[in-house]
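Protein chains in written order, with my numbering: chain A, 85 to 243; chain B, 85 to 243. In this text, a Cβ means the ideal position worked out from N, Cα and C, and glycines have one as well. Here's the structure, in structure tokens; my notes come after.
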DNA sequence: CCATAACAGTTAGCTAAGCTAAATGTATAT
DNA sequence: ATATACATTTAGCTTAGCTAACTGTTATGG
């Protein structure tokens, strides 16, 4: 049912250029699909970056603003604005660090945490639903590809 | 050098949920990296959606606005605004269709075409550069994964 | 033949995400 | 004590996305 994944036309002579082109075609498509899903999700709608902020704070409680900006790969000012919107919505709590008063300590409110939980479930099950018809071999390929991409990009960060 | 790609910890028991989570983590990262590259590219900077519009018109000359919005997966109003900005920059020409006066006929200007060409080269070689150190096997995995993703999402469109 | 419906785009008004540059306030170091 | 570095915020801008409402054009049905 999914031989396309294992026999993509030019099997054997895959090169970086061709591969790059495909990534460039595909990633924006996937991104928009995820975004649509997030938005249309439930009453409380969440953008992809917002989702990422909440997810980050979910397992790094008390993180600083710069930690958020670094994790998201955006400028501090951008992260500050995003956090601000999330605070206004009551999903994030922003306090000043007790010892370092220039720092900020961010954490999820309970509302934020439960929203996050719902959103995570939705997002995953959205993709998972589509991936359900996918063969284990293709799932493995997908997961591996994600690893490759992350590795490549983290190398970039260092250089 | 790249065994991580073929042995992602939970080799063997990969499932749709886990895979979905990884996609959800990775795709936004890649998207931001591409965006950064596009922006910082040259004098004339291009956003990812702008790139996609120009690329689309590059091989579908005379396309209508709704063709663009459909291809991008956005609302007509959004596409209209995007095209407008590109027209103002002199990269797209917008004329009314000779027979169907409600339609619009879009095409690249020569400036737009050459810009597109430059941008495409940059974008590809940016990714290609990172992919250069990647083993052929991993390239194949990546390409296959992109195929899987596109297939999954096009199924969604039909439903 | 005219009224109405369907279609293609545009406009207006909003939110969010991203940037840069500059400002603020706090800590550190000379 | 002053200068410098650091963490965050503010201000001002562009782009992208949405919805809802509008304009103008073509097609249709009575």
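Checklist line | As assigned by DSSP and simplified to three states, the class of residue 167 of chain B | finding: Mapped onto the second chain, residue 167 of chain B falls at position 83. Here residue 167 of chain B sits in helix by DSSP.
Note to self: Using the three-state DSSP reduction, which class does residue 150 of chain B fall into: helix, strand or coil?
What the structure shows: As a working mapping, residue 150 of chain B is identified with position 66 in the second chain. In the three-state DSSP reduction, residue 150 of chain B falls in the helix class (H, G or I).
Notebook entry, point to check: In three-state terms, what does DSSP make of residue 238 of chain B?
Noted result: Stepping through the second chain from its first residue, residue 238 of chain B is reached at position 154. Three-state result, residue 238 of chain B: helix.
Item checked: Within 9 Å, strictly: CB atoms of residue 201 of chain A and residue 106 of chain B -> Numbered from 1 along the first chain, position 117 holds the residue referred to as residue 201 of chain A. Numbered from 1 along the second chain, position 22 holds the residue referred to as residue 106 of chain B. No, these two residues do not count as a Cβ contact at 9 Å.
Margin query: I'd like to know if the region 202-218 of chain A and the region 103-117 of chain B are in contact, where contact means that at least 3 CB-CB pairs between them fall below 8 Å.
Written below: Yes, they touch.
Notebook entry, point to check: residue 200 of chain A versus chain B: which residues are under 7 Å apart at the beta carbon?
Noted result: The count along the first chain starts at 1 and reaches residue 200 of chain A at position 116. Result: empty, since nearest Cβ-Cβ is about 13 Å, beyond 7 Å.
Check: residue 172 of chain A to residue 165 of chain A, Cα distance in whole Å?
Finding: By 1-based counting over the first chain, the position of residue 172 of chain A is 88. By 1-based counting over the first chain, the position of residue 165 of chain A is 81. Using only the alpha carbons, I get a separation of about 11 Å.
Check: What does residue 224 of chain B touch in chain A if you count any residue whose Cβ is under 7 Å from its own?
Finding: For this step, residue 224 of chain B is matched to residue 140 along the second chain. Correct list: 98.
Margin query: Classify residue 145 of chain B: buried if its beta carbon has 16 or more other beta carbons within 10 angstroms, exposed otherwise.
Written below: Residue numbering aside, residue 145 of chain B sits at position 61 when the second chain is read from its first letter. Answer is exposed; the Cβ neighbour count stays below 16.
Next item on the list: Report, in whole angstroms, the separation of the C-beta atoms of residue 149 of chain A and residue 190 of chain A, which I expect to be a contact under 8 Å.
Entry: On the first chain, residue 149 of chain A is found 65 positions in, with the first residue counted as 1. On the first chain, residue 190 of chain A is found 106 positions in, with the first residue counted as 1. Contact between residue 149 of chain A and residue 190 of chain A is confirmed by a C-beta separation of about 7 Å, below the 8 Å threshold.
Margin query: Less than 9 Å between the beta carbons of residue 224 of chain B and residue 122 of chain A, yes or no?
Written below: Within the second chain, residue 224 of chain B is the residue found at index 140, counting from 1. Within the first chain, residue 122 of chain A is the residue found at index 38, counting from 1. When the beta-carbon positions are compared, residue 224 of chain B and residue 122 of chain A stay at least 9 Å from each other.
Notebook entry, point to check: Beta carbon of residue 238 of chain A: closer than 8 Å to some heavy atom of the ligand SAH?
Noted result: For the ligand SAH, the structure offers nothing, since it holds no ligand at all.
Next item on the list: On the DSSP bridge assignment, give the partners of residue 162 of chain B in chain order.
Entry: The residue you call residue 162 of chain B lines up with position 78 of the second chain. Looking at the DSSP output, residue 162 of chain B bridges to nothing.
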